[in-house]
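Chains as they are written, first to last, in my numbering: chain R, 2 to 509; chain C, 2 to 509.
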């Protein structure tokens with residue numbers, strides 16, 4: 002009790018100018034005769050009802066201090082040179098020893114963010130974790146993170162864990178933004194935390210692993226503001242990637258199906274997003290199709306980098322198929338032959354793939370390539386993959402470049418859940434502006450990646466074997482040298498006989 | 002694509018009268034010198050900024066068609082008569098055969114709700130599932146529920162699965178309400194789904210099992226409106242009940258610790274809730290303490306019924322300790338001896354327990370007893386327990402009784418996450434009113450429970466053994482007779498060699 006009765010009672014408040022509006026009457030009670038639309042409505046009010054520019058104020062990325070080189074892995078696995086580095090577009094892959102688990106990853110990234118921003122621990126009113134690295138079927142990672150808040154006495158923090166494959170981070174971000182626009186917001190920040198350890202059994206899929214975590218500070222007046230009312234979502238029941246074998250850390254993957262599911266979800270989300278933004282435009286008197294030209298940067302959930310390049314091509318294909326015949330001939334060179342195809346018939350069409358890669362190359366280089374830096378060098382971070390792409394994008398562009406632009410974001414989680422949404426970057430890129438600060442805070446990403454230790458495929462395999470061996474053991478202290486971790490990293494110190502996990506932190 | 006392009010484009014809109022307000026300026030950018038409070042602010046605006054009375058429009062409860070009697074279990078387990086029936090306060094326990102899993106439970110309850118309300122499937126814009134019955138570490142139950150929406154073409158439905166022990170349903174409810182008050186709400190309903198299969202190994206804990214699911218339809222102008230800005234939350238890191246053994250369906254439980262954690266969370270949430278409502282009252286010029294007298298009905302997450310009776314006593318104890326000496330002597334007879342104790346020193350004090358049970362008995366009978374009907378007869382439904390209590394309360398009171406009252410609700414999930422919040426029941430209880438319809442829709446709960454088949458402890462034990470045997474097997478069709486299920490129940494038809502699950506429905 003005492004902790005909650007701290008004398009510090011100054012609270013954040015928000016200036017909001019709310020104008021009088023009156024909309025069509027509501028008919029929300031159950032009645033069979035009512036008809037609804039699957040096409041979501043435009044936002045219900047165009048007024049400043051909600052806090053302005055809710056979005057990402059700051060973000061922190063964590064990845065392991067060790068990696069294996071993909072060319073080394075190609076040799077070790079006796080596959081043709083280029084299979085991983087060119088075929089998948091991956092150069093390095095980060096991985097965790099048994100000393101790290103999903104709790105320690107999230108502890109580390111949250112503490113780093115809070116220390117860097119020097120925010121008081123009691124300034125956070127919501128924290129939600131998105132992950133698919135489940136080490137307990139009941140106890141949320143969020144509850145472990147509450148340890149960090151203990152000394153502040155702040156236990157009134159809403160939000161728990163959210164799971165559907167790689168989509169959990171996005172669900173958490175949406176939930177945080179919704180909270181901040183609701184009557185339940187009390188003026189404090191939200192933290193969105195996402196992280197995963199992606200590991201595969203020895204074989205073809207192993208090089209598509211990775212590990213890492215991202216923490217995002219959410220608030221109003223954000224340099225990366227979520228565009229209101231603009232979320233194109235597609236969900237369906239699919240068994241493309243899933244983890245039914247609870248006794249193993251590895252997923253079951255239907256690789257071909259997963260790529261088709263990803264593409265179909267992308268097409269559907271893009272169509273839905275476009276419909277919504279065009280509706281918004283119409284309300285402002287603008288009647289024209291939305292295309293990739295309206296997005297200055299585009300980031301994607303990244304299972305492997307080559308997949309993303311193809312995905313950007315697919316967005317262009319959507320534009321192409323829905324464009325007028327005039328535009329079609331001038332703006333989409335090399336695609337003419339495919340003008341009578343349907344999107345859903347082309348998921349495995351290699352000719353289309355090839356033509357799209359070529360037609361979209363310039364666009365890819367301008368809008369997306371920079372976002373793949375972390376994915377290329379660290380692999381798939383699952384729920385945090387998309388937000389690692391965002392960090393990479395920020396690390397490779399100046400605040401001036403980014404100012405005023407729209408960043409499109411496609412989030413995909415197998416099973417499946419997907420959304421396409423967007424950030425509007427603030428126009429103020431002046432020194433000391435929130436945008437400039439955000440951009441400089443991630444600018445050391447390449448140096449941090451370069452400072453990791455390169456491990457041999459043999460060492461990597463040994464660690465993977467140890468992970469298998471210790472997975473869900475109890476009563477052990479993980480082997481390993483904490484000096485192999487980055488300074489300030491939380492690690493698993495002990496799992497006791499009752500499976501209770503204790504963590505410690507390597508000094509900063 | 003085609004499905005999304007249905008010609009039905011009429012959308013729901015909401016009438017909102019928004020008045021001009023202007024509050025204190027915002028200071029939301031990171032700065033170390035700022036001070037924040039752990040005591041959350043009162044709602045930022047007292048205006049009708051958001052849709053009115055967002056809450057529960059309708060709800061549906063599902064429980065298995067078979068149960069074991071607790072007196073039979075007492076004999077079978079060779080324990081003293083009354084150990085389960087009096088000591089725990091449980092009379093019957095529902096359980097599922099291998100033919101039912103968390104997906105089938107949720108399919109059933111959602112379909113029942115949608116069929117009864119005759120709502121079109123495309124009138125739902127958000128669906129979130131809260132559960133701790135994890136049968137896949139990656140794939141959300143939500144994705145399986147998307148099957149139900151397939152024919153409508155509605156795939157643009159936000160929300161995925163949320164997990165922390167028994168708290169997931171409440172987190173989902175909060176998320177749905179937040180969405181509905183945000184700019185991202187498109188006028189459609191939200192569905193909150195929670196369900197669990199609670200099973201324990203042979204031994205002391207086994208009689209505290211149960212199974213069931215609840216689906217809630219969320220919208221504005223609800224007969225059970227969530228009171229805005231009133232959520233007292235407490236989260237901390239505890240290992241009281243958790244599921245680290247992923248290969249088993251059973252949890253690890255530290256029973257004593259769990260009861261202490263529950264009581265501590267209850268005390269803290271109640272303190273936080275009271276502080277918030279008193280702040281709201283102060284803004285309206287009312288300055289007096291909030292007590293149990295201000296709550297007409299109080300429901301609790303129910304691990305077992307006796308626990309709830311004690312919990313109501315604790316709320317009274319909180320009131321007592323913070324009351325003035327005048328009130329203390331007149332209103333809290335029998336508690337005088339404990340006036341110098343601190344809440345946190347009494348979690349295991351049997352004298353206090355006894356005195357509280359006695360002092361709060363009348364209040365318990367009036368405000369809480371009716372809510373325990375389903376829990377008494379079906380056991381612990383984990384995430385859906387609290388909402389089963391809500392259904393029981395509605396089933397045992399008339400709309401007239403309930404009209405205008407406040408229903409307090411305490412949600413607890415081990416690990417731990419807890420919130421105390423409240424519903425304001427609409428004042429209109431006239432025939433055909435939303436409240437009256439809601440109340441009549443659940444009035445058959447006792448008859449439905451009475452229509453279940455009573456199974457012997459031997460049969461129950463055999464089913465529990467089968468659950469162990471088939472847990473995470475692949476390539477099998479669950480044994481059992483579908484005629485043992487209620488009509489209209491979804492069931493697991495097959496798990497194929499790739500662990501993909503197929504479901505079918507028993508005809509209505």
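Just so you know, even glycine gets a beta-carbon here, dropped at the ideal spot from N, CA and C.
| Query | Result |
| --- | --- |
| Using DSSP with H/G/I as helix, E/B as strand and the rest coil, what is residue 166 of chain C? | coil |
| Taking DSSP as the reference, what is the three-state secondary structure of residue 196 of chain C? | strand |
| With 9 angstroms as the C-beta to C-beta threshold (strictly closer), list the residues of the region 404-433 of chain C near chain R in chain order. | 414, 415, 416, 417, 418 and 420 |
| Between residue 219 of chain C and residue 190 of chain C, which are expected to be in contact by the criterion C-beta below 8 angstroms, what is the C-beta distance as a whole number of angstroms? | 6 angstroms |
| Answer yes or no: does any C-beta atom of chain R fall closer than 8 angstroms to that of residue 230 of chain C? | yes |
| Taking a contact to mean a Cβ-Cβ separation below 8 angstroms, would you say residue 384 of chain R touches residue 169 of chain R in this structure? | yes |
| Can you say whether residue 61 of chain R is buried or exposed, counting buried as having 16 or more other CB atoms within 10 angstroms of its CB? | buried |
| Using beta carbons (cut-off 8 angstroms, strictly below), is residue 166 of chain R in contact with chain C? | yes |
| What separation, rounded to the nearest whole angstrom, lies between the Cα atoms of residue 158 of chain C and residue 127 of chain C? | 5 angstroms |
| Taking residue 512 of chain R as part of the beta strand (DSSP E), name the residues at either end of that continuous run. | Any answer about residue 512 of chain R is impossible in this case: the structure gives chain R only from 2 up to 509. |
| Counting only the same chain and skipping the five closest in sequence on each side, list residues whose C-beta sits under 6 angstroms from that of residue 444 of chain R. | 396 |
| Give the interface partners of residue 242 of chain R over in chain C, defined as CB-CB distance under 9 angstroms, in chain order. | 139 and 140 |
| What does the alpha-carbon distance come out to for the pair residue 1 of chain R and residue 147 of chain C? | Since the first and last residues shown for chain R are 2 and 509, residue 1 of chain R lies out of range. |
| Please report the distance separating the alpha-carbon of residue 497 of chain C from that of residue 475 of chain C. | 6 angstroms |
| Determine, using beta carbons only, whether residue 184 of chain R comes closer than 8 angstroms to chain C. | yes |
| Do you know offhand how far residue 489 of chain C's Cα is from residue 66 of chain C's? | 12 angstroms |
| Return helix, strand or coil for residue 343 of chain C, following the three-state DSSP convention. | coil |
| Along the region 475-491 of chain R, where does the CB come closer than 9 angstroms to a CB of chain C? Name the residues. | 475 |
| In chain R, which residues lie less than 7 angstroms from residue 469 of chain C when you measure between Cβ atoms? | Neighbours of residue 469 of chain C on chain R: none; closest Cβ ~14 angstroms, over 7 angstroms. |
| Evaluate residue 345 of chain C with the Cβ neighbour count: other Cβ atoms within 10 Å of its Cβ, from every protein chain shown; 16 or more gives buried, anything less gives exposed. | exposed |
| Identify whether residue 147 of chain R lies in helix, strand or coil by the three-state DSSP scheme. | helix |
| Terminal residues of the continuous beta strand (DSSP E) containing residue 503 of chain R? | 502-506 |
| When DSSP labels each residue in this structure, what does residue 22 of chain C get in the three-state scheme? | The predicted position of residue 22 of chain C is uncertain, since its pLDDT is 27 and thus under 50; a value taken from the coordinates is nonetheless stated next. In this structure, residue 22 of chain C counts as coil in the three-state DSSP scheme. |
| For residue 437 of chain R, which residues of its own chain have a beta-carbon under 7 angstroms away from its beta-carbon, when the five flanking residues on both sides are left out? | 400, 430 and 431 |
| If distances are taken between C-alpha atoms only, which option among C:163, C:89 and C:289 comes closest to residue 139 of chain C? | C:163 |
| Ordered along the chain, which non-local residues of its own chain (more than five positions away) have a Cβ less than 6 angstroms from that of residue 77 of chain R? | 458 |
| Go through the region 393-464 of chain C residue by residue and report every complete run of the alpha helix (DSSP H) that reaches 4 residues or more, in order. | 400-403, 435-442 and 446-451 |
| Please state the DSSP three-state secondary structure of residue 336 of chain R. | coil |
| Closest to residue 175 of chain C by C-alpha separation, out of C:100, C:131 and C:203, would be which residue? | C:131 |
| Quick one: what does DSSP say residue 159 of chain C is sitting in, helix, strand or coil? | strand |
| Judging by CA-CA distance, which residue of C:275, C:196 and C:284 is the nearest neighbour of residue 295 of chain C? | C:275 |
| Check the Cβ-Cβ distances between residue 282 of chain C and every residue of chain R, and say whether any is below 8 angstroms. | no |
| Could you check which residue in C:357, C:351, C:291 and C:257 has the C-alpha nearest to that of residue 325 of chain C? | C:291 |
| Suppose the cutoff is 6 angstroms on Cβ atoms and the five residues either side in sequence are ignored; what does the same chain contact list for residue 358 of chain C look like? | 314 |
| Rounded to whole angstroms, what's the CA-CA distance from residue 505 of chain C to residue 495 of chain R? Just pull it up for me. | 45 angstroms |
| Please return the same chain residues whose Cβ sits closer than 6 angstroms to the Cβ of residue 106 of chain C, not counting the five positions on each side in sequence. | 196 and 214 |
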